[in-house]
Each structure stands twice: as structure tokens, then as C-alpha cells.
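J.: Structure provided below as C-alpha cells; questions to follow.
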Amino acid sequence: MSDPMPSSEGETGRVEVKETTCYMCACRCGIRVHLRDGQIRYIEGNPDHPLNQGVICAKGSSGIMKQYSPGRLTQPLLRKPGALRGEGAFEAISWAQAFDLLGERLRKIRAEDPKRFGLFTGRDQMQALTGLFAKQFGTPNYAAHGGFCSVNMAAGLIYTIGGSFWEFGGPDLDRAKLFVMIGTAEDHHSNPLKIAISKFKRRGGRFVSINPIRTGYSAIADEWVPIKPGTDGALLLAIIHQILKQGLFDRDFLVQYTNAAELVVDEPSADDHGLFRRFEIHAEEGCFDPENKLWWDPEIGAVGTHTPGAEPRLLGSYTLDDGTHVKPAFQLLKERVDAYTPEWAAGITGIPADTIRRLAHEMGVTARDQKIELPIPWTDCWDNEHASVTGNPVAFHAMRGMAAHSNGFQTIRALGILMTILGTIDRPGGFRHKAPFPRPIPPCPKPPHGPEGVQPDTPLDGMPLGWPAKPEDLFVDEAGEPVRIDKAFSWEHPLAVHGLMHNVITNAWRGDPYRLDTLLLFMANMAWNSSMNTVEVRKMLADKDDNGEYKIPFLVVCDAFASETVAFADLVLPDTTYLERHDVLSMLDRPISEFDGPVDSVRIPVLPPTGQCKPFQEVLIELGSRLGLPAFVKEDGSRKYRDYPDFIINYETSPGSGIGYLAGWRGKGGEKFLKGEPNPRQWEMYANNGCFYHHELPRSYQYMRNWNKGYLHWARAHGMTRYAEPITLNLYSEVLQRFRLAAQGKRVGRQPPDRLRKRIDTYFDPLPFYYEPLEARLTDTQRYPLNALTQRPMAMYHSWDSQNAWLRQIHSHNYLFVNPRVGVANGFDDGDWIWVESPYGKVRCMCRFSEAVEPGTVWTWNAIGKAAGAWGLGAGADEARKGFLLNHLIGEELPPTECGEHVSNSDPVTGQAAWFDVRVRVYKAGPQEPKISSPQFATMPRLPGQDRRRGRWQAYVAGLFTKK
Amino acid sequence: MTQLALVIDLNVCVGCHACVTSCKQWNTSGWAGPLVDKNPYDAEPTGTFFNRVQTFEVGTFPLTETVHFPKSCLHCEDPPCVPVCPTGASYKRPDNGVVLVDYDKCIGCKYCSWACPYGAREIDEQQRVMKKCTLCIDRIIDLALPERERKPACVLACPTSARLFGDVHDPNSEVSVAIRERGGYQLMPEWGTRPSNHYLPRRRTALHINEDELVRADNPLRREDLTTYTGEEALDDVAW
Amino acid sequence: MHPALSVIFLTTLIGAGQGLFLALYTGQVYALANLLPAQGAGFYVGGSLIALALLVGGLIASFFHLGRPERAWRAATRWRTSWLSREVLVLPLVMALVAAYGLAHYLGWTAPLFSLAGTLPITPTLIIGLFGTLAVFALFLCTAMIYAAVPFLEEWHSPLTVANFTLFGIASGFLLAAGYSAWLGNQLVAFFGTWGVIATLLALVTRLGALARNRSLARGKGRKSTVQSAIGVRHSAVVQKAQGATGGSFNTREFFHGRSPGTLKVLRNLFLLLVFVLPVALVALGYVLESATLPLAAFAVQYLGLLIERWYFFAEATHPQNLYYSGVS
Ligand SMILES: Nc1nc2c(c(=O)[nH]1)N[C@H]1C(S)=C(S)[C@@H](COP(=O)(O)OP(=O)(O)OC[C@H]3O[C@@H](n4cnc5c(=O)[nH]c(N)nc54)[C@H](O)[C@@H]3O)O[C@H]1N2
Ligand SMILES: Nc1nc2c(c(=O)[nH]1)N[C@H]1C(S)=C(S)[C@@H](COP(=O)(O)OP(=O)(O)OC[C@H]3O[C@@H](n4cnc5c(=O)[nH]c(N)nc54)[C@H](O)[C@@H]3O)O[C@H]1N2
Ligand code: SF4
Ligand code: SF4
Ligand code: SF4
Ligand code: SF4
Ligand code: SF4
Ligand SMILES: [Mo]
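Residue numbers (the numbering used here), protein chains in the order written: chain G, 1 to 964; chain W, 1001 to 1240; chain Y, 2001 to 2329.
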């Protein structure tokens, strides 16, 4: 090889390229895996893929080191008799044994009390299957990671605009002129967002980032607005205040497409106070908002909404013929934000009032004066023909910086309203939906309504997760107390639409509201980074009651790696990697749709499974068949699906519905899409198309979809929605008001328990308001003056990349970043070992001074710290000795209040885990203290089937570890 | 003469490290590989990388800029690392200006690394020869690859297209145009090494709003009844 | 820079070997001119063997510096551009000439071939020694220029580096010669000792000059590169936060010594004591006491000091690449 006139790659060995979908993170880019003699040589982005357009990220490029990681599990494991949980002492068993063991146990639970089985999943992408399994099993105790992730973002916007950021929609940066990013470090749309932001900046767009910390995307923002954590609500309300005051809102948009002009009853003593005044029409009952509300036209008075020719008022106070006082919702909004002046917000957010005003003006003026008009004709739901689609080019993106606070839901409502008054919803240059969104507000699925929904040997009567629209949709018993183990859909967290996974272990351990028998955790590291209060949660997992039985009797963990949680399992199921299995990223779950239409994708194995690894999908289908769950067996009880690929092809949501997991190439010969009979060659057709299916909508269906008649009918015809009714934006949320009225005792029907009345009354405000995060109100903020945050590093995915030899070199350990002023005030220097202490615990770590963080905030990279010995790492690895986990400082429950002894540390509306509310203080570690992070945990042993410890050197060449 | 190089746009680089690991994976299994890792699963893991992304903070709070700064060999036009090499293992290709190391000749004396002011060379501690960015020579001159792919791995990977690749001697190339129009600059020009790689600086887009833009005739507030008459006396009621 | 033991031994050992050869040859020339008592062949043969041993020792040490010593021969190919390559060529030449010098003495090639200016008899040994001397100085130059020629290492990029390498070699070689003579018990001790001391004092001047120069460099004065020019951002406050690797890299291992400023200061004072103060004192004392061992001790002490000096020489050099590797997080 002396002179690099290299032979072409193609001549070096047997080279082939296989396409599949990446899963080094949940972004799901298309990849091309180059194999040389059957071993991975190189993974690149698929240039034809709509999501990543050929690019790939740091994680995606390190897939090789995931595949060959010594942290991998390769055999089913059973805790050794006599060994304690958490010790990690296992013996390898066969899959036959594992299935017998688990199948028997589950059969018994299902026959007795199905809710004693809990299935909770982490950052997976197969909720459509896991959810189906849980429902068929009959347990309500199912949820995925959404509750501890960003349910505030999902719920806050879906309950306001019928869609959201996250995987449901996003900023149209191709056309935006001003882009405001709030509280985002990386997010799921990892590569696409990067592609879009760079194009946007190159076009000369203006990019403002609102974040206590300036890293990552914020680094390249034209303006960084450092904000105190948890105060975005104040900022947004002040911006709304200013926009209303200056008249910088899009009046026509508000009138036509939102409930701004709709009349709300304003009779404080009346039972229907705060509800829309509705007239009787004969309307089909459905989960949509019937158009039986009123506008106020100065000429005519009250008229039905969308009466042709009517010119409704947005402001004012009016009296109906029957003497009822009413106000347009917009008037109520205006009254709400009257006191929220920029000066008021400045004191809370730390952002100067002039900056707030300027931001408001930039948004308002850009939206108004830089209008976009596209020559695309379309028809709205009221049969008005429009010659063009117009847009106001101000785009937002926000994520967990807003979501992961206990005031996040109302803050995100405020954001939804700001985007709405600027007239930017599903219009060019603003926010755009991604199929299957927009959905009705709220979407149709509902949880069961009471304990009777859970019956032995019977599927659940309802969906384990759904979207309550009124107290009757809650999942509570006679006394108004929760039926679910995580208390989702109870009065404590009525709109917990993604469940509260972060409270499952604590609740099950305490038996509050009851004990579980078997807890199955899939792809969730609940003994580490996805739990709050991790030290205690680990104790709970290993805690026994008086008769020596574990309080959580049987713990099953399905994981691909020797994570911290695996050590606590009774039964370990080794999963495959993403390169070894079939997967679907389905329209029934969270597909990878684009603004221009639905997209879904699949994974097709590139390599055979390692060792005894088995895809969890196959495990579920096997268990479903063994247990005789109706969806998995034929009439005669025999197995219905050969395997997962077979299931994916042939499963239909109901017999003959034509709707299944995959949207592409349906129909016998693959001639249909979204809806159509099963196609036996569907996988093949995906494989031939780079493993994705992209249906581009006609241009006239691509915008204004909440009210686009053509689109809505198309969506109904293709089974994406049930109704073709307009989805009016909820500037004012009647749903919230219904709960509030119940709490006030003004509503017949379900009532909250007394201890929660005040809580519901306060937080179920139909208009957004600002309140200090719950934690701060219950903590001595003099003693704990600082906010502690985490951020995702772009080159790491949660806890699972420390096993990756390349990625861990970028972040083998972490520091606490503090503003130098904090160090000076607390007597320590850059690089010193310090203690970080919250009311719940303390952590010793190294600090790093940074000028890029607001002085009231300290932060670190998320989930870099590891327990010794986990992930196939040596006991002395940096992750365990120098790295630390912030989760030890975060409580999963709030201090006792009148609402209860053990209320979750979550948003009171949605149950979103309030990770970013924690308050801390910092001080220098003593000179005698060891220079290692604290707490430390007993070293996890290497598990049977795990690779030998690798040596000092590793040299990888296309599948071979040479010693060259 | 052709001089191939990278131009790195600091205006859009978000510091994602995609260029770092895509480089590693392409090169470890390719002509330049393997790129070894030491202590891959233990304390202080370290290995050979051709490209690193660093972070600098500029200014003091709140006027802070965070600069993500990717750096690989700059393929200097006048590379000081080449003449010092006692074996001739380090050389600059006459046809395209790429600076390379011939691993079969290298004796691992590290002298060239002393002679590179940029810290762009890394010894492979297991193979005991000096390595560095090859500009993916085995991609860019491989005519068997489709044209689109005849680019360095890091360039194809970069999600923000912050890495441009081309001939800086061709005044019409994308890279030359970018350097010209966007104020492309070289690192440590004081040494006269004339790096071929250039960096494009940050640019800031600001918005200026005039007072009169805030008040306009079409202000939607004018379409509301801003006051309501509730029967009280007014000037209209006074008749002379 | 990270001080590499191999290079420390290489440069100090060959320096002493070269110096010793120079001492022997000077002694011979003086003796020919009847300025010193003539010595028998054994003296030169033994001395040459010691010098050769030092040179070989240095060469062996140098192999430990190479990743691929088996290919070391390749290093001879780029003498046009590379001082390292030149050193690789000149070092064997010096060794050969030193060996030849010793051999010539051993073979007794001391009959004059001709006389210069009628008085100075030119013997084969004298001619070989002359070439040896030229080669030795060439080697001093090559070795020193390896360091002095790299413009980036500003602490080294100075004629003082050449002066230091040369003077330290001469000083240690002459002291060794003095010790050797004292040990043999001949009369050359004072001659070698005096010149050893003179060279040591000259080296003191140049080394203090280098220290002063480097101190002002360390204060940032005249440093060519700054973190601003390194990344091309003009602002007074630029601080590196991350270098893209938390576990270190070649760049952190090769270019940083990792010792505290306190340690550095102690080592500097130590080498000043061991290289300059103590040997001079010991030579003086040896002169007074007519000791046979003290001159040898003077050499030993100075050599030890030179090891530290050479360590310090590396440690005090700051490479501009460090601007890219100055923060981890
Ligand atoms: N302090 C703090 N804590 C946080 C957050 C925060 O911001 N700050 N963020 C929270 C958020 S948003 C989330 S989503 C959670 C994420 O928390 P988790 O969902 O628990 O994510 P991971 O840590 O990635 O753990 C997932 C597990 O999946 C395993 N795994 C990886 N690939 C596979 C596979 O192919 N098959 C199987 N079966 N298992 C696999 C990994 O080994 C790991 O054990 O963390 C939360 N925790
Ligand atoms: N590389 C990588 N990508 C990932 C993940 C990963 O682990 N690694 N995880 C995936 C998952 S599960 C998720 S949920 C997403 C999350 O994506 P992000 O929401 O981008 O994730 P975080 O890192 O939690 O970012 C939160 C940001 O909000 C800021 N912030 C915190 N509090 C406040 C506040 O009160 N106000 C404002 N304005 N900002 C605040 C923080 O400084 C931080 O920048 O990322 C996904 N993508
Ligand atoms: S963003 Fe996620 S899915 Fe895309 S390449 Fe990176 S790791 Fe893979
Ligand atoms: S950057 Fe360094 S290694 Fe690359 S050509 Fe220039 S001097 Fe040589
Ligand atoms: S390390 Fe190799 S390439 Fe560098 S100077 Fe020495 S021989 Fe040349
Ligand atoms: S050009 Fe190739 S070798 Fe150089 S940094 Fe990029 S990927 Fe690495
Ligand atoms: S891949 Fe691009 S954006 Fe990411 S760090 Fe490298 S240059 Fe910057
Ligand atoms: Mo998440």
C-alpha cells in the first residue's frame, strides 16, 4: 500500500451494500450498510431517503461499534437461585425455558387479575405492537417513554393546534424568515433539523435561540436569549401581551381558523361559565368539535360561526338575547395577558423588557410584512375556494426545555397560542403538520373509563393510552382514584396521555394503588438514567417485604446490552441490534412523515442475530400466541402468525379494515397505499425502495390541513382520520374548563377527590398562565438557589452509547458546567471537585467554568455517568469514576402537600416528569475526599454470554479485530 | 495545479461530531486503517482519529459565542511536516496537493508532528506509524465510485453541509467561491504554511424594525369596538 | 513537549561521546605541539573506545524513540531537507571516524606522513582526528538543528540551542576526559578539567540566555500564535472548552509534560546546580586535593544534571498545537 493509488474498494473483497433504517437514535434515518465479505465495512446515509438525504450523524456512523460491543447480551439469563437482585449473578437458559417460565406466569396473571402485569417501554419505536399486546392481554399498565420524555409538548400542542413538534410536526425552515428555537438541544429530528437549520441560515434567515445554555444549535443562533429555567411561560405571555397590544396578530386567521371569535359564557356563578355557548344542532356524535358555537357580528349580533358574510368581533363583551353575558375567547385572552407586561416578565425570566418587546415586534412584523403567497388553490371546509396558500414566515421549534417542567403544559399552550395569533399553523414558513396529524382536538382514542374495563382473560376495554376530553374519559374508580399503577388519567394527572413511567417502580414498590406481580421493561434503563431518584429506585427494585418476597415480585428486562437495569432482572431477554432485525416505523405509531405527506419505513436485517439474540417483536408474537390473545391466534386458538414479518404483512386493525402496520404497497399487488388488503410481497417492495414509503400529497393538500376539505376527505378515505370535520385551533380550551368546572363542583358527573379540587381548579385553566414550577414552590430556594439541567450531547444517545468504543472517546465522562460567577461565589475553581446537592441527594463531580450558561443554572451532559462494570466497561472506566448522573438529585415525588403524601414530581395536567425543575446548591469537595465521583455502586459483573473483556488495543477493519 | 481541500463553515457547524466518526469508520476499514483504539472499554479511552471537533467560548456572559471548531490536516501548500521527514514517508502529492504519509516508509519518529503547528497528525500507537487525514484519498480518486460519492466521508456525512470539498486553485470551484465571497481564512497564517483548508467565519443576521412599522393603518385592532357605549353622558349630550 | 527518555539519553550520550573525542584530539594536537606531555597509544585507544561506547549507547537509545526501528535505514534518505536525516547520516560517520581514530592509534600509525610548515608532523591519526572533529561539529549541528530548525517550537528555534548542545557536549566530554585521565593517573587532568570548566561556564552563559529568552516567551511575549490566530476569531476572551476527546489523544501525550510549574522550577534549579555549580566546584576541589576520583565525580554529576537539563529542555518548549488541546469537557 505504499503509494495510495488504492485499488478501488470494490476490488478488495466481496462487497455489497444493503439498505435499512438506522437506530442509533429515534430519528430513523435511511442508511446504506457496506459489507465486505459479510462484515460491516462502512455505514453511510442513504442519499435517496427523505429524512436524512444522505447525511448521517456521529452516532449513526458508529453503528459498527454498537454491533460488536462487548456490552451486548447474547443469551437469555435467569437470576441465579439465591443470588440477590442487583448483584448481576445469572445463569444462561434457553429460549424454550424462558418462554415456558414467562408464559406460565403471564397466563396465571391474565386469568386472575391482568393489571398485575405491567409492560413499560423506553425509547422504542414499536408502541403500536407493545400497546396492542398490552391491550390484548388486558392490562391497563402499559406506557412508553412519553411521560418522562416530552408529553407536555405532545399534549400542550395537540390540545391546542391538533398537532405538535416532536415527531408530529415542525418548523417549515425552507420558507421561514425568522426562526425561534426554545429549549432544544438536539431532539429527535436530529439530521433533518440540522439540514434545515443550515439551509435556513445560508438563506439569510434570522435564528433566535431561547435557552439558559448556549451549545449545539444555540451556538449558531444569530441571537442567544439566556432565560432562567422554567420561566418560558412568563416570556411567551409577555410576548403575546405585546403582540396584542401592538395589533401584530393575524386577525383573519384567528377569525376563520381558531376559536378566538367564539363566544364564551361569562357568568361566573353559572354552571356553564367558561364554556362556549352552543346552540342545538343535530350533529353526529363524534370526537370532533361540532360547529354549533356563536360569533358576535356588530350588525347582526350573535350568529353561528362561519355564517357567510358575518364579520365577527374578537374583542368586547356582549349580551345574548337570553341575557347571558358572553365574550369572545380572544377578549378573555387579552384580559389574561393584560398584566403580563414585558417588565413583569423581565423580573421572572432575567431577560430585559426591551429584548422581550423587540422579540415580539420581530415576530409580529415579520409575520405581517413578509407574507408568503404560493399559487396553490385549495378549498376550505366551508367551501370557500382559495386561489393561493399564504403564510407568515415565523417558525418555532421547542422541546424539552419547555416540556420537562411542571408548568410545561400551560407554557406550551402559550406557545401554541403565540404561533396561532401570528397565523403560522400549517402554513408555509410557519409550523407544519406531519401525517397522521392534524388530528381532532383531542384525538379520538380514549382509555377505559373505570375498573370494569379490566377483566380476567379479556382484552382491555379501551386503549391503554388515550386522549381524555372530559372527566368521564378519566380512568378512575368510584372514589375517583386511579386504576393504573402509574395513576395516569386519574385526577392527579388527568391528561397523562403518555402515562407516567417514572412513577411505576415507586408506586409498585409501595403498593400504591396496588402491587404488581410481573413488570416487563423493554428498552428502558429504569435503574439508571430514565428514573428520577435513582439511588432509591435501585433500592426499591431490590427491596423485599416481611415474608422475604421482592416487593416487585418478578422483573423481566428485554435489552440488547448489559445496562444497569439488567442487573436487577429476574429474567433477561437478549434483544437483537437494529442491524439484525425487522422493524416497522409505522403510521399506527410515530412514522417518519414529512410535511408533504406520510412516510413510513422499515428495518430489514443486514446481519444474522448474534448468539441467542431474539427480536423482542418475535418474543411478543410468541407470547401472544401462547397466551391465546385474540389478535395473535385464529378462531381455533392456534397460532396465527408465523413470525414478525408475517404479522406485519397480514395484521389488520380489524378484519378487512385494510389498515395495518405498513402504509406502502398495500393491496394484493402493492398497488394501494395506506389502506388496502395485505400484500405478501410488501417487505420486498420496501426493500427495493430503500426501506421507506413516501406518499407525497397533491400540493393543494399540503397546507392548511386543519381546515383543508380536500385533505381531510383524503385523510378520511385513507383511514388516517375518522372525521373530515375542521380542526379549529383551541386558543381557548374548553376541555380544560370542563375539568375545572368539575373541580368547582359546577359540573354534573365525575368529581375530583376533595384533596385535588384546588389543584384541578388551578391548573386546568382554559387560558395559559404562568406559575412557578411546583418544585421551586416547595423547596427552600434560598438554600438551593440554582437550577440544574441536563442536555443531550449530539454524539451520545441516552445511556446506551457508553458501550461504543468510538463515541465514548468523545464523552467518557462529564463535568458540571457553571458560570464562573457561581464558582467565585462558592469558593471553587475551574476543574475542582465539587458537591452538587438537592433536597433529594448529592453528587460529587468535577466542574467546568463556562461563560455560555446563565448564572442561575448549572448543567451537565445527560446520562454520561455509568455504574461500574455496566455496559461491558471496565470497573475503572471514566464513566464510573469521573462521570456522574444528575438523576440522583431529582425527586420522583414532591414533598407532601394537601394534594397527597406521594404526588408525582410532574406537570399537574399531563404527568410529564419535571426533570428540569430540580434546585441545587454547589460547594467545594474537601481536600481529603477521593477524586472520584459519588455515589459509587458495586461493580456489575460480566454476564454469561457477554464478550470477553477486550484487550488494551482494538483495531477494527471491516469485521475483523486485527492485531496487526 | 490542483489543490484539493476542505472549507469548513463555522457559521453552520453545530459541533455534532458526525465528521469525526464517519471519518473513523471509513478510514479504519480502508487504505489508512486500521485506526486503533487504546483502552476501548476502560479508563481514559483514546485512539487515532483524523478529525476532531473542538469547542471554544468567545466573550463573557451574556455576550458569549460558542464556536464549534472541526480540525483535520489542512493540507498546507507549504507543508512544514514534509521536508523534516527523514524517510520521505511524508509527502505532498504533486497531482492534487494532498499531503500523505506512506506507512511503509514511516519509521514513527514523530518528527513531522513536531513540525505541524496545527496538531493535525496522530501516531498510531499500535502500528507505530504516523497517520493523519488523507482527505479520503481512497474515495476522491476512486473512479469506480459514482461522482457524488467521490468526496471525503466527513463531507458526505456532515448534516449541516458545513464541510465543502474541492479545488482551491480553481477560481470557479465551490470552495474558491465560498472563500472569496464569505471571507474564508486560514489558520495561523503567521507561519507561512499556507493551509489549503479554509474556514468560513460566523455571520450574523439581524432584523431592524422601524418605529413606524409598528403602527400601521391596517392594524387589526381598529376593526374592533375598542370602547363600548354604556349610556353615560358625553359631549354629544350637551346641546347649545 | 513531553520529554522522551530515549531522546534525552540519545542527545546527552552522544554529546558526551563527541566531547570526549574532541578532548582526546585536542590533547593529541597539544602534545604534538609539545604543549602537553605525549600519551601512549593506550590512552587514545581507551578514550576512543569510551567515546564510541557513548555514541553507540546514544544510537541504541534512539531506536527506542522510533516506532519502526527496523526501518531506521530509511531515515538516511532525505538529507537534503531533513536535519534528522542528516543526523542519521553523520552519527555513523562520527562513530566510524572515532573508531578509525582509535584503531589508528592502536595500529600505531603515528609516523608523520609529512610536516606542516616544517614543524608540525602530520600523522594519519591527526588527519583522521581532523575529519573526526569536523564530523563531530557537524553532528552537534545536526542534532541541535533537529530542535532549533522547527520554527514552531520557539523555545528551541534559536542559535542558542546549537550553542547549548555543542557546549554541553564539549563540557561533559572534557570533564569525562579529565576523569579518565585522573583515573589513569596521567597529567592531563588539569588541562581537560580547565577546558571542561571553561566550556561549562560558556554553556552557563548560553543556557541562562536561553532560559531568559524562554521566560519571556512563556510570558507570551513574541509568541507568534495565539488562540485567536489558531481558530481565527478576533476577541480578547477566547477559551477552549472541549477538544473532542475526554480521554486524551496523541496530541495531549506528545506535546504536554503534565508536570506542575512547581516541579518544573525544582528541576530547573536542580539542573543548574548539577550541571554548572557542582562540577566546577568538584573540579576545583579535585585540583586542590589532587584527587583521582573527584574529576570523575564531576563528570558523573554533570551528566546526571544534563539528563535533567534535557528533560527540562523539552518541558519548557510549548508547541502552538497546544492551543488546540487546552481544555477538556
Ligand atoms: N436527568 C435526566 N434524565 C433523563 C432525561 C433528561 O433529560 N435528564 N431525559 C429523559 C428522556 S426524554 C428519556 S426518553 C429517557 C430515556 O431513557 P431510556 O428510554 O431508558 O433510554 P436509554 O438510556 O437509552 O435506555 C434504553 C435501554 O435500551 C437499551 N437498548 C438499546 N438498543 C436496544 C435494542 O435494540 N433493543 C433493546 N431491547 N434494548 C435496547 C439500552 O441498552 C438501554 O438499556 O431518559 C430520561 N431521563
Ligand atoms: N444525540 C441525541 N439525540 C437525542 C437524544 C439523545 O439522547 N441523544 N434523545 C432523544 C430524546 S428521547 C429526546 S426526548 C429528545 C430531546 O431533545 P431536546 O429537547 O433537545 O433535549 P434536551 O437535551 O433535554 O434539551 C433540552 C434543552 O432545553 C434547555 N432548557 C432546559 N430548561 C429550559 C427552560 O426552562 N427554558 C428554555 N428555554 N430552555 C430550557 C436545555 O438547556 C437544553 O438545551 O432528543 C432526542 N434526540
Ligand atoms: S440521527 Fe439517529 S437515526 Fe439518524 S443517523 Fe443519527 S443516529 Fe441514526
Ligand atoms: S496541517 Fe500539519 S500535517 Fe497537515 S499539511 Fe499542514 S503541517 Fe502538514
Ligand atoms: S513519523 Fe514517519 S512520517 Fe513522520 S517524520 Fe517520521 S518517518 Fe516521516
Ligand atoms: S477528509 Fe477523510 S480523512 Fe480527512 S477528516 Fe475527512 S473523512 Fe477524515
Ligand atoms: S459534521 Fe459538520 S456540523 Fe457536525 S461537527 Fe462536523 S463540520 Fe460540524
Ligand atoms: Mo425522550
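Just so you know, even glycine gets a beta-carbon here, dropped at the ideal spot from N, CA and C.
With 7 Å set as the bound, which would you pick, yes or no: does the beta-carbon of A1018/W sit closer than that to a beta-carbon of chain Y?
T.: No, because no Cβ of chain Y sits closer than 7 Å to the Cβ of A1018/W.
J.: Here's the rule: buried if 16 or more other CB atoms are within 10 angstroms of the residue's CB, otherwise exposed. What is N1172/W?
T.: Burial call: exposed.
J.: If you measure from the beta carbon of Y1041/W to each beta carbon in chain G, is any gap under 7 Å?
T.: Answer yes: the Cβ-Cβ gap between Y1041/W and chain G drops below 7 Å somewhere.
J.: Could you check if C1112/W belongs to the surroundings of ligand 8, using beta carbon to heavy atom distance under 6 Å?
T.: No, Cβ of C1112/W sits at least 6 Å from all heavy atoms of ligand 8.
J.: Select from the region 809 to 824 of chain G all residues with a C-beta closer than 9 Å to any C-beta belonging to chain Y, and list them in chain order.
T.: Within the region 809 to 824 of chain G, the residues whose Cβ lies closer than 9 Å to some Cβ of chain Y are Q809, I810, H811, S812, H813, N814, Y815 and F817, listed in chain order.
J.: G2220/Y: buried (16+ other C-beta within 10 angstroms of its C-beta) or exposed?
T.: Counting Cβ neighbours within 10 Å, G2220/Y comes out exposed, since fewer than 16 surround it.
J.: Work out the CA separation of M1188/W and M704/G for me, nearest whole Å.
T.: Looking at the two C-alpha atoms, the distance is approximately 52 Å.
J.: For R2234/Y, which residues from the same chain have a beta carbon less than 8 Å from its beta carbon, with the 5 sequence-adjacent residues on both sides left out?
T.: The residues are Q2228.
J.: When the cut-off is 7 Å and only beta carbons count, does F2021/Y lie next to chain W?
T.: No, its Cβ sits nowhere closer than 7 Å to a Cβ of chain W.
J.: Pull up the distance between the alpha-carbon of F916/G and that of V909/G, whole angstroms please.
T.: Spanning the two alpha carbons is a distance of roughly 17 Å.
J.: If you reduce the DSSP assignment to three classes, tell me which class P1070/W lands in.
T.: It is a strand residue.
J.: Quick one: grab the DSSP three-state call for M1188/W.
T.: Coil at M1188/W, not helix or strand.
J.: Spell out the partners DSSP gives C845/G in its beta bridges.
T.: Paired residue(s): I834/G.
J.: Would you call the CB atoms of P1152/W and L1135/W closer than 7 Å?
T.: Yes, these two residues count as a Cβ contact at 7 Å.
J.: Report the three-state DSSP secondary structure of C1154/W (helix, strand or coil).
T.: C1154/W falls in the helix class under three-state DSSP.
J.: Does ligand 8 have even one heavy atom less than 6 Å from the beta-carbon of C25/G?
T.: Answer for C25/G: no, Cβ out of range of ligand 8.
J.: Just checking my contact of K228/G with G856/G at CB under 8 Å: how many whole Å lie between their CB atoms?
T.: Correct: roughly 5 Å between the Cβ atoms.
J.: The region 2241 to 2272 of chain Y: which residues have C-beta closer than 8 Å to a C-beta of chain G, in chain order?
T.: Within the region 2241 to 2272 of chain Y, the qualifying residues are K2241, G2244, A2245, T2246 and G2247.
J.: Just verifying my parser: in three-state terms, what is the DSSP assignment at S2/G?
T.: Here S2/G scores only 44 on pLDDT, less than 50, and its place in the model should not be relied on; the value that follows carries that caveat. Here S2/G sits in coil by DSSP.
J.: I need the straight-line Cα distance from L1004/W to R72/G, nearest angstrom please.
T.: Answer to the nearest angstrom: the Cα atoms are 42 Å apart.
J.: Give me the residue from G38/G, K59/G, E87/G and G82/G with the minimum Cα distance to F568/G.
T.: That would be E87/G, whose Cα lies nearest to the Cα of F568/G.
J.: Alpha carbon to alpha carbon, what distance is there between L555/G and R85/G?
T.: Approximately 10 Å between the Cα atoms of the pair.
J.: Comparing the CB of R1182/W with every heavy atom of ligand 7, is any distance shorter than 6 Å?
T.: Result no, Cβ not under 6 Å from ligand 7.
J.: Could you check if C149/G belongs to the surroundings of ligand 8, using beta carbon to heavy atom distance under 6 Å?
T.: Checking every heavy atom of ligand 8 against the Cβ of C149/G, one is found closer than 6 Å.
J.: In chain order, what residues of the same chain lie with their CB nearer than 8 Å to the CB of F2255/Y, ignoring the 5 residues before and after it?
T.: Cβ neighbours of F2255/Y beyond the five flanking positions: M2001, H2002, H2319, Q2321, N2322 and Y2325.
J.: Among R2259/Y, A2144/Y, S2082/Y and T2012/Y, whose alpha-carbon lies nearest the alpha-carbon of L2059/Y?
T.: Out of R2259/Y, A2144/Y, S2082/Y and T2012/Y, T2012/Y has the C-alpha closest to the C-alpha of L2059/Y.
J.: Closer than 7 Å, CB to CB, is A1034/W near chain G or not?
T.: In the sequence as displayed, the identity of residue 1034/W is Pro instead of Ala. So yes, P1034/W belongs to the interface.
J.: Of the residues that make up the region 852 to 886 of chain G, which ones have a beta carbon closer than 7 Å to any beta carbon in chain Y?
T.: Hits within the stretch, in order: D878.
J.: Buried or exposed for A825/G, going by 16 or more other Cβ atoms inside 10 Å?
T.: Result: exposed.
J.: Classify A717/G as buried or exposed, calling it buried when 16 or more other Cβ atoms lie within 10 Å of its own Cβ.
T.: When all chains shown are included, A717/G counts as exposed.
J.: Apart from the five residues just before and just after A880/G, which ones in its own chain have a Cβ nearer than 6 Å to its Cβ?
T.: Same-chain partners within the cutoff: K866 and A868.
J.: Could you run through the region 1143 to 1168 of chain W and flag, in chain order, every residue whose CB is less than 9 Å away from some CB of chain G?
T.: If the cut-off is 9 Å between Cβ atoms, the region 1143 to 1168 of chain W has L1143, A1144, L1145, R1148, E1149, A1153, L1156, A1157, C1158, P1159, T1160, S1161 and A1162 near chain G.
J.: Anything in chain W within Cβ reach of R2219/Y, meaning under 8 Å, just list it in chain order.
T.: Here the premise fails: no neighbours, minimum Cβ distance about 18 Å.
J.: Secondary structure at T577/G, three-state DSSP: helix, strand or coil?
T.: Three-state result, T577/G: coil.
J.: With DSSP as the reference, please indicate the residues paired to L1004/W in a beta bridge.
T.: Answer is D1167/W, bridged to L1004/W.
J.: Between which two residues does the beta strand (DSSP E) containing G391/G stretch?
T.: Where G391/G is concerned, the enclosing beta strand (DSSP E) stretches over V389 to G391.
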